Structures are given as structure tokens and as C-alpha cells.
Amino acid sequence: MNYIHIYIVLAALIFMVWMLIRDKLRPGLLLFSVVVIFICTGVLTPEEALAGFSNKGMITVALLFLVSEGVRRSDALGAIMKRIFPSKERSSIRRGYLYIMGVVASASAFLNNTPIVVIFIPHIKQWAKRVGLPLKKFLIPLSYAAILGGMCTLIGTSTNLVVHGLMLEAGYEGFSMFELGKVGGIIAIAGIAYIVLLGDKRLPDDSPERENTSTSGSSPHIVEAVIGPRFPGINKEPGEFDFKSHFNADILQLRRKGVPINDIANIRFREGDALVLSADEQFIQTWGDSSVFLLLSNDADHTPKCPTWKKWFTLSLLVVMIGGATLGDTAFMKELVPGMSFDMFFWACVVTVIMAFANIIPPKKYTKFITWDILITIASALAISQAMTKSGLADWVAGGLLNIANDVPPIVIMAILYIVTNLITELITNNAAAAFAFPIAMSAATQLGVDPMPFFVAISIAASCSFSSPIGYQTNMIVQGIGGYTFRDFLRIGLPMNILAFIIATIFIPIFWPF
158 MNYIHIYIVL AALIFMVWML IRDKLRPGLL LFSVVVIFIC TGVLTPEEAL
208 AGFSNKGMIT VALLFLVSEG VRRSDALGAI MKRIFPSKER SSIRRGYLYI
258 MGVVASASAF LNNTPIVVIF IPHIKQWAKR VGLPLKKFLI PLSYAAILGG
308 MCTLIGTSTN LVVHGLMLEA GYEGFSMFEL GKVGGIIAIA GIAYIVLLGD
358 KRLPDDSPER ENTSTSGSSP HIVEAVIGPR FPGINKEPGE FDFKSHFNAD
408 ILQLRRKGVP INDIANIRFR EGDALVLSAD EQFIQTWGDS SVFLLLSNDA
458 DHTPKCPTWK KWFTLSLLVV MIGGATLGDT AFMKELVPGM SFDMFFWACV
508 VTVIMAFANI IPPKKYTKFI TWDILITIAS ALAISQAMTK SGLADWVAGG
558 LLNIANDVPP IVIMAILYIV TNLITELITN NAAAAFAFPI AMSAATQLGV
608 DPMPFFVAIS IAASCSFSSP IGYQTNMIVQ GIGGYTFRDF LRIGLPMNIL
658 AFIIATIFIP IFWPF
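Heads up: the sequence shown at position 265 corresponds to 422 in the numbering used here, and the numbers run straight through without jumps.
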């Protein structure tokens, strides 16, 4: 065991967590900087550091971004959503929860969560306004539904693919398509039931400020925008960055962490800030396909331009991708073409190419729809996990954990790993949390002499269950900006969700995956 390398890795991880909490750099750049430190200090070779960039799971995430963009541009899910929304006469908050969360959770099990939330926000805003229900009752449940659905399948969230990739690299079999749904499905059903029964009481009503904004927002020239990672004015004050000359729009209000800031002269723009803009009718058409903004919406009716045949063709491709990836795990498909792997990577490649040739996604602009920071975060997190294992830090931490919890059953160690992973994901980012916990979980299982699979499932679920904080998951950040929620709003509704998920995971994981 190289104690110098252990101290280097530990110091780098502490520095990284501190910087992530302070939000000084994008996660991808920060994690990659830590990887560079490991290269310079000899903890990792360049080949080991770069191995994550060729990881099949990471590339699959990139392809699924493009598939999700195709679904968004076709408005296939939006068309479905319009048909299932309850009418004004039959509408209630609880009925809205049931309809919205059921559909969103189902869709997010197979598509990236962020595009799902971006797709549905305008439709939910229009429906809530039409039936006279407060919008604030629905946007946090929308984000939660995406999280709950995502933890049910291998491809529902990048976190599952990260753990899956780490398992494959460590010589384990990895997750099948619906394996995590054994526990994730129970948590999703319980979470939806919790929101349906108690969400109305634990979520705020629209504030007077919000209602006033919505009233003036009835004009098609009022637009709500959430600043994205490629916004050119990030970390600049309005005096340094002329918003009007760049976008031909005026800022009426800025909301940060749910708090309206009317005097923005000395405020620096940040990713996730929500802007209320006065803009011309072409603003959404001009900037809707750009990653400058995470979301653009107004109160006008959504009028998709995509032909009807493309909607159904896109849905058909989605069904083929999901069905093909599911059947690809069967012995029949493995024997059909020996040496060929009909996994999610294969089908995502096929569907992406078909979407490009069918012009469902613009072939000349496809790189705009990939969130590169997430991919760099994943690849760097894989390298950091390798550094924790190679340096001996994972064994050291796992050994200390076992010494503290001496002679306790493995389920207690699993519960501790779950709680630590869940706390980390609420503070920084889900992919980094999973990458931190994986080598410790693997080492703990080895030292205990038990099957590590329950530990791997636990950290996958824990890293996804970001309910109590708006900063742990990008969809929470998006709905916070649009809905004007405070941190306390997330804590009030989300903490019981975290506790509920923990109890279910602790009970059912050892049943489905015995130690």
C-alpha cells in the first residue's frame, strides 16, 4: 500500500468536493483537473486516466442524448401528454400527480431525464393555467418522477451506466436492462403514492410574485429561460455582458435558487438562473435548438412543426431500441450471431444513425445536443475510481469502515454506504458520488467475503435519489428556476422521499441480491 499516493488521492478528493460545493467550476472540468493531478503525481498512467473516455457506458450516454433530442424534436411524447391530461371538469391536484408522474416516470426509464423534464414543462404550464391549478404543485413532482423512473432501468440514468461500466471493468457481469427495476420499481411506486397522498400539503402554492409574473406572462412576448452551460455570459455581470445586444431581449427578472432578484446590476450570471424576458415572437424559434438555454417557454400553446409521420416513426424507433436491448440479453440473441453483442450500445448506435438520415435530428448540428460536461464528468469519475482502487485508498477506507462497525452483518455496511452515497449526491453530483462509492463497496465486499452485488445496487439507487436538494440533480435545478422554489421547499417534500427510498432499498436489496 502506497501511503503517499493515498494521501495525494484523499487530498485531491477533499479539494474536489469543496470546489463542487462552492460551484466554482463545471463538474466535468473540475473532475478532469483532478485526473490530471493524478497523472502528474504518478497515481495513474495516461492510459489509465484516459480509459474512461473509451468506456462503452459513457459513449452510450452520448448516443442516448441524441435519441432523446430526436424524441423532443418530434414532440411525440408531447402529443401523448396532451391526450392524457385530465379535462378541466375532471382535474384536481391529486389526479394531476397521478397522470403526470405515471407518464413521466415511464418515459424517463428509457430516455435522459433532463430532456424529459424540458419536454413536459411547457405542457404542464399550459395545462395548469387552463384548468386553474397552481403550477408550483407540479414542477417538483415532475422532476421526482423523472428520477424515480430513471432508477428502474439500466439506461434510465447515466448513474446506472457508470456503475455498470465500473462493474464490467472490475470483471463482474454488470446489470441487465431491467434488473435495477426490482427495487427501483418499488421505490417509484411508493414515491408516486407519497406525492399523490401528501404532495398537495407539502408543496407551496404559487406566490403572489409568481402570479403577477404569470399574469404579465400571458403575452406571447414574455419568455422564461433557464441559463444553460453554454451561455456566453456565465460568471459575468450585466455590465460586462450586454444581454440585449446578444439576444435582442430585455431581462425583467432573475430568479436564483427560487428567490427573485430584481436588481441584477451586481449579480453574475450562473448556470441554472431563471430569467423572465421581454422578447420578440422569434426568440424561442431562434434559440430553442441552442444549448445556451436549458429551457425556453412561454404561455402560448405549443405548436410542433414536426410532421405526424415523424412522431410515430420516432416512437417506433424508441420501441425497437428498448425491445432490441432487452432481447439482446437473452441466450437466443447471443447464439444467433456469435461474437455480436446486441446490447443498448448497439441499438442506440442504430437508432441514432436512422434518426440522423431521417432528419429527425439535424445531421449537421448533432454535436450541439450532447451535454459534453456530463460525458467528461463520467469519464473522469471512472478514472478517479481507478485511482482510489490503485492507490489503496478504497481498501483503507473500507477497512476503517469495517473496524468501526466491527462484527456487524453486511446489511449494516450496505446501509452505511447507501447513506454516505446519498449525502454526497445531494451535495455534488450523482455520477461522482457513484464513482467514489464503487471502489469502497467492492473492497468492503472483498474484505467481508460476501457478494458485492447488493452493495453495487445500493450505491446505484442512492446516487439517483436526489430529492432533498436542488443542486444534486440537474432536473431539480431546472424546475427550481422555473417554479421559483426555495431550498426549504425541496427539503420539506424531498427528505421524506429520501427516507422512504432508504427503507425500501435496505429491506428489498438483500432479498433480491443475497449476500
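Ideal placement from N, C-alpha and C gives every residue a C-beta, glycine not left out.
Please read these numbers as outputs of a predicted model, since none were measured by experiment.
Sub-8 Å separation of residue i and residue j beta-carbons
i           : j           : result
residue 421 : residue 395 : yes
residue 392 : residue 426 : yes
residue 663 : residue 568 : yes
residue 499 : residue 490 : yes
residue 125 : residue 539 : With the chain running from 158 to 672 in the structure shown, residue 125 is simply not present.
residue 267 : residue 237 : no
residue 431 : residue 383 : yes
residue 225 : residue 636 : no
residue 474 : residue 501 : no
residue 433 : residue 451 : no
residue 290 : residue 352 : no
residue 191 : residue 173 : yes
residue 275 : residue 666 : no
residue 543 : residue 330 : no
residue 272 : residue 256 : no
residue 629 : residue 657 : no
residue 634 : residue 429 : yes
residue 222 : residue 537 : no
Same chain, Cβ closer than 6 Å to residue i, five either side skipped, listed in chain order
i           : result
residue 305 : 262, 345, 348
residue 288 : 245, 248
residue 162 : 200, 548
residue 591 : 316, 319, 320, 616, 620
residue 551 : 545, 596, 597, 600
residue 671 : none
residue 372 : Model confidence at residue 372 stands at a pLDDT of 43, short of 50, so the residue's coordinates are unreliable and nothing is read from them.
residue 387 : 448, 449
residue 586 : 184
residue 169 : 191, 194
Close-in-space but distant-in-sequence residues of the same chain around residue i (CB under 7 Å, 5 per side omitted)
i           : result
residue 231 : 463, 467, 468, 471, 517
residue 652 : 625
residue 159 : 548, 549
residue 220 : 505, 506, 509
residue 459 : Interpretation of residue 459 is limited by its pLDDT of 49, a score under 50 that renders its predicted location unreliable; no figure is taken from the coordinates.
residue 227 : 471, 512, 517, 518
Residue i versus residue j - alpha carbon distance
i           : j           : result
residue 608 : residue 614 : 11 Å
residue 310 : residue 423 : 44 Å
residue 453 : residue 380 : 7 Å
residue 610 : residue 578 : 16 Å
residue 252 : residue 414 : 28 Å
residue 355 : residue 338 : 24 Å
residue 307 : residue 632 : 12 Å
residue 448 : residue 639 : 17 Å
residue 254 : residue 277 : 13 Å
residue 376 : residue 233 : Unreliable positioning characterises residue 376 in this predicted model, as indicated by a pLDDT of 49, which lies under 50. The coordinate reading is nonetheless provided below. Rounded to the nearest angstrom, the two C-alpha atoms are 27 Å apart.
residue 176 : residue 479 : 38 Å
residue 279 : residue 239 : 11 Å
residue 674 : residue 465 : Coverage of the chain is limited to positions 158 through 672, which leaves residue 674 absent and any answer about it impossible.
residue 342 : residue 492 : 30 Å
residue 106 : residue 444 : Lying before the first or after the last residue shown, residue 106 is absent from the chain, which here runs from 158 to 672.
residue 476 : residue 397 : 48 Å
residue 265 : residue 165 : 39 Å
residue 588 : residue 623 : 12 Å
residue 203 : residue 559 : 33 Å
residue 541 : residue 554 : 15 Å
residue 402 : residue 439 : 15 Å
residue 416 : residue 627 : 13 Å
residue 521 : residue 644 : 40 Å
is_contact[residue i, chain C] using C-beta, thresh 8 Å
i           : result
residue 332 : Protein chain content of the structure displayed is limited to a single chain, and chain C is not contained in it.
8 Å CB neighbourhood of residue i in its chain, flanking five on each side removed
i           : result
residue 594 : 574, 577, 578, 581, 616, 619, 620
Using 8 Å as the Cβ pair cut-off and three pairs as the minimum, do the stretch 285 to 299 and the stretch 319 to 337 touch?
no
If we count Cβ pairs, one from each stretch, closer than 8 Å, do we get three or more for the stretch 533 to 545 versus the stretch 571 to 581?
no
What beta strand (DSSP E) runs, 3 residues minimum, are completely inside the stretch 371 to 404?
379 to 384
Quick check: the stretch 356 to 364 against the stretch 641 to 658, are at least 3 beta-carbon pairs closer than 8 Å?
yes
Where in the stretch 204 to 253 do unbroken runs of the alpha helix (DSSP H), each at least 4 residues long, occur, reported from the N-terminal end onward?
213 to 231, 233 to 241
Unbroken beta strand (DSSP E) runs of length 3 or more, entirely within the stretch 444 to 524: which are they?
450 to 454
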